[in-house]
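K.L.:
Quick one: structure below, then a few questions.
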Ligand code: PGA
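In my numbering, the protein residues as written are -11 to 251.
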C-alpha cells in the first residue's frame, strides 16, 4: 500500500481548510473504494489539527477509510510543564496517528538535533503514533550521502531496537529538492531508498518500515517515483495545499499501481 503524506508546513487558513476538507470528504471515499492501493495522511500546523479532525470527521476516525491525520512535530516530553509544546497524547485526542519528525527545515532553522529526535521518537512510540522520520543530504553532501544518512537515522534506529513492534516511516528528502521545483530523478531517489533499506536491514529489524520520497513532488512526477521498486510513498509539500492537486497525485499513483499489478 502506497502512502501519500501531505505536509502543509506553516500554511493554511480556516476558509482554505474548509474548502480542502470539503473536497476530500466528497471525493476521497469513492476514489479509495474504486482503487484502494493508496492511503493519505495530512499533517497540518498544530493549531489547525482540531479543525481538520472536525471537518474530516469519519475519514480520520475510521482506519479503514484510508485517510489519516498527523502533526508536523511532537514534543519530546509527555504532559506537563513544557510551555509551548504539543505532546503525543494531545495529538491522539484528535485522532492523530502520525508525526513528521526531523524535517530538514526543523533541523536547520530550529536546531533540531539527534538528542531531541530520540526523545520525540520515544514519545511517539509510547502513544502509538507512527513517526515519519525525515532524512536527506544537502547538495554539498552528495558525495558522502551514506555517512549523512547513517548519522541522521541513528536516533530512529536506536529507538526501534527497543520497540520491535513499533511502526515507522522514513522520509528521504534531499534538501536540494525541497521546495525548489528540482525533484530528484526517480533513479537517484530509488538509489537513496535502497541505501536506507540496506541500513535498516543491517540491524535486522522485524518492523515493516516504509521509505517515502519527498522534494518537489507534483501530480506530473508522482507516479514515476512510486513506480520505482524501493519507493513506498511520497511526502508532498506545496502540491498538497490544494485538494484537487493532492487527489490528482493519489489517482496518478493508483493508476500506476494498477498497471504494475496487471504486468
Ligand atoms: P515540497 O516539500 O513538496 O514543497 O518540495 C516537501 C517537504 O518538505 O516535505
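Cβ atoms here follow ideal geometry from the backbone N, Cα and C, with glycine treated the same way.
Given the structure is predicted, the values throughout are model-derived calculations rather than measurements.
What residue ranges within the region 104 to 187 form continuous beta strand (DSSP E) runs of no fewer than 3 residues, ordered along the chain?
P.N.:
Those beta strand (DSSP E) runs which fall completely within the region 104 to 187 and span 3+ residues are 118 to 123 and 156 to 160.
K.L.:
Quick check: does the Cβ of residue 20 come within less than 8 Å of any heavy atom belonging to the ligand PGA?
P.N.:
For the purposes of this step, residue 20 is identified with residue 32 of the chain shown, where counting begins at 1. False, no ligand heavy atom lies under 8 Å from that Cβ.
K.L.:
Helix, strand or coil for residue 50, going by three-state DSSP, please let me know.
P.N.:
Your numbering for residue 50 matches position 62 in the chain shown. The answer is coil: DSSP assigns residue 50 none of H, G, I, E or B.
K.L.:
Confirm, please, whether the CB-CB distance from residue 13 to residue 44 is below 9 Å.
P.N.:
Here residue 44 refers to the residue found at position 56 of the chain shown. Here residue 13 refers to the residue found at position 25 of the chain shown. Result yes, Cβ atoms of residue 44 and residue 13 sit closer than 9 Å.
K.L.:
To which residues of the same chain is residue 188 closer than 6 Å at the C-beta, ignoring the five residues directly before and after it?
P.N.:
Locating residue 188 in the chain shown gives position 200, counting from the first residue. Here the set comprises 197.
K.L.:
Using CA atoms only, rank isn't needed, just tell me which of 162, 102, 154 and 114 is closest to residue 139.
P.N.:
Here residue 139 refers to the residue found at position 151 of the chain shown. Cα-wise, what sits closest to residue 139 is 102.
K.L.:
Of all the options 156, 161 and -2, which has the alpha carbon lying nearest to the alpha carbon of residue 136?
P.N.:
Within the chain shown, the letter at position 148 stands for residue 136. If we check each option's Cα against that of residue 136, 161 comes out closest.
K.L.:
Relative to the C-alpha of residue 125, which candidate in 21, 89 and 166 has its C-alpha closest?
P.N.:
The count along the chain shown starts at 1 and reaches residue 125 at position 137. Here the closest residue by C-alpha is 166.
K.L.:
In terms of residue numbering, what span does the beta strand (DSSP E) encompassing residue 204 cover?
P.N.:
The residue given as residue 204 occupies position 216 in the chain shown. No beta strand (DSSP E) contains residue 204, which DSSP labels as neither H nor E.
K.L.:
Do residue -1 and residue 51 have their beta-carbon atoms positioned less than 9 Å apart in this structure?
P.N.:
Position 63 of the chain shown, counted from the start, is the residue given in the question as residue 51. Position 11 of the chain shown, counted from the start, is the residue given in the question as residue -1. No, the pair does not count as a contact, with Cβ atoms beyond the cut-off.
K.L.:
Taking the straight line between their C-alpha atoms, what separation do you get for residue -4 and residue 237?
P.N.:
As a working note, residue -4 is residue 8 in the chain shown. As a working note, residue 237 is residue 249 in the chain shown. Cα-Cα distance, rounded: 15 Å.
K.L.:
Which two residues bound the contiguous alpha helix (DSSP H) that contains residue 89?
P.N.:
Here residue 89 is taken as the residue at index 101 of the chain shown, counted from 1. Counting along the chain, residue 89 falls outside any alpha helix (DSSP H), though it belongs to the beta strand (DSSP E) covering 84 to 89.
K.L.:
Out of 20, 21, 41 and 23, which one is the CA nearest neighbour of residue 30?
P.N.:
Mapped onto the chain shown, residue 30 falls at position 42. When only C-alpha atoms are compared, the closest one is 41.
K.L.:
Go ahead and label residue 173 buried or exposed: buried means 16 or more other beta carbons lie within 10 angstroms of its beta carbon, across all protein chains shown.
P.N.:
Start at 1 with the first residue of the chain shown, and residue 173 comes out as number 185. It counts as exposed.
K.L.:
Output the distance between the C-alpha atoms of residue 131 and residue 120, rounded to the nearest integer angstrom.
P.N.:
Indexing the chain shown from 1 puts residue 131 at position 143. Indexing the chain shown from 1 puts residue 120 at position 132. Going from the Cα of residue 131 to the Cα of residue 120 covers about 25 Å.
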